[in-house]
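To get our numbering, take the position in the sequence shown, counting from 1, and add 88. Data first, discussion second: the structure below is written as structure tokens.
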Amino acid sequence: MPTRRAALLLPLLATACGGRSDAVPPPLGPLGFRHLTPLPLNVAVLEFAQVPPRTFPGDIGAELSPPPAEAVRIMARDRLSAAGTAGQAVFTVTTASLVRERSSLTCLLGCRLEILDAAGNRLGFAEAEVRRSMTGPDATRPRAADLLLRRAMDDLNVEFRIPAPPQPAGLAGHGGARHRGRGRLTRGPARDLNPGGPTMPIELANPSGVHAPASRYSHAALVRDAARRLVVSGQVGLTPEGQVAEGGEAQIGQALANLRTILQAHGMGPQQVVKVTVFLTDRGLLGPWRAARDAFFAGHAPASTLLVVAGLADPRFLVEVEAEAVA
């Protein structure tokens, strides 16, 4: 039998425990991003496209306040501004969905900023996409979806950046914000994301001698800093004419030939590669890949990651090679 002191404490402990399990978190404060680095754009007009963003089955975004799409627009309104005398910028929410599936929540957000000249021709664009999930008991707690949206918005603010050198490009008189390699321009010669402004620190290019990109990406991104850093998109076994090489070994050779062409177009070679990432769809290609890699690098041994995967973007592709180089 408990002592009198213990007996008096038991109801209090029960109340406290019961209160913790049933407690509803206090309401979240207003969503805002003015505390983050502002991004003034060197354009005369900034517009927000009213295009319905992509959503997914099971979306519960309409139940949130604000809904995911409006949260992304709040970010843009708080951080972006037109501070130039010519040109136009258009901000679009491309993806805004918060999906509930059994005992999990997934938030997917995406946005795009396009820069247009006075005639409406697109000069360039920057994009960001994020995905964040919550599973188990955390996903069933009160306001879990709202909390997940805010965490995903934190991720999006990290991912969305307009690359800027010491004299900012794409910005007017302020430093840049971070964006995971998605500050991409349209195909062709590298262009400035800032009409009439200084040169961008990142030059995106698709050199002649390599097939045209299959979708909205560049074969290479050259970063001008104290060193020149070249980021090369995944190269597959496509010939300059866009034909798929026959067989795994031939595709390995063609992918490395594409990589060599891109390196040479930027005054570099295999010896300047600092990181290579390889995707193979068949373990039987490990031997051929290693032999081709050793011949390609000729004793140079960059950092490397090799993955055997179930498939690539096109079922005909058997190998894909990414690389980063510095000179």
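All C-beta atoms in this analysis are idealised placements derived from N, C-alpha and C, irrespective of residue type, glycine included.
Residue i and residue j closer than 9 Å at C-beta
i    : j    : result
V416 : G357 : In this structure the chain extends from 89 to 415, so residue 416 is not present and cannot be described.
P168 : F179 : Per the sequence shown, residue 168 should be read as Leu rather than Pro. For L168 and F179, yes; Cβs fall inside 9 Å.
A132 : A170 : yes
W377 : I340 : yes
E189 : G146 : yes
C199 : S221 : no
Buried or exposed by the 16-neighbour rule on C-beta atoms within 10 Å, applied to residue i
i    : result
N209 : exposed
R72  : The chain is shown only over 89 to 415; residue 72 falls outside these bounds and no answer can be derived.
S321 : buried
D234 : buried
V397 : exposed
F384 : buried
R122 : exposed
L344 : buried
Q323 : buried
A333 : buried
E202 : buried
Nearest candidate by alpha-carbon position, reference residue i, set the options
i    : options                : result
G336 : F367, V414, S185       : F367
V414 : R381, Q352, L400       : Q352
E217 : G330, P141, T125, E412 : P141
G399 : D382, V139, R371       : R371
L244 : G224, A214, L374, P225 : A214
V319 : T182, A345, E410       : E410
L373 : N346, A338, P295       : A338
T183 : A386, A380, A137       : A137
I162 : E202, G172, G120, V187 : G120
E151 : V187, R381, G355, V298 : V187
T173 : G375, G330, L204       : L204
P430 : Q331, D382, H354       : The chain is shown only over 89 to 415; residue 430 falls outside these bounds and no answer can be derived.
Between the CA atoms of residue j and residue i - distance to the nearest angstrom
i    : j    : result
V364 : P230 : 44 Å
G175 : M241 : 28 Å
A300 : V361 : 22 Å
R317 : T327 : 25 Å
F248 : A308 : 19 Å
A159 : R219 : 15 Å
S185 : G149 : 6 Å
D166 : E135 : 13 Å
A227 : P118 : 22 Å
A157 : Q342 : 42 Å
P390 : L236 : 38 Å
S192 : P154 : 20 Å
D402 : L347 : 19 Å
P126 : V246 : 13 Å
Along the chain, which unbroken stretches of the alpha helix (DSSP H) at least 4 residues long are found entirely within the stretch 376 to 410? Here no run is fully enclosed.
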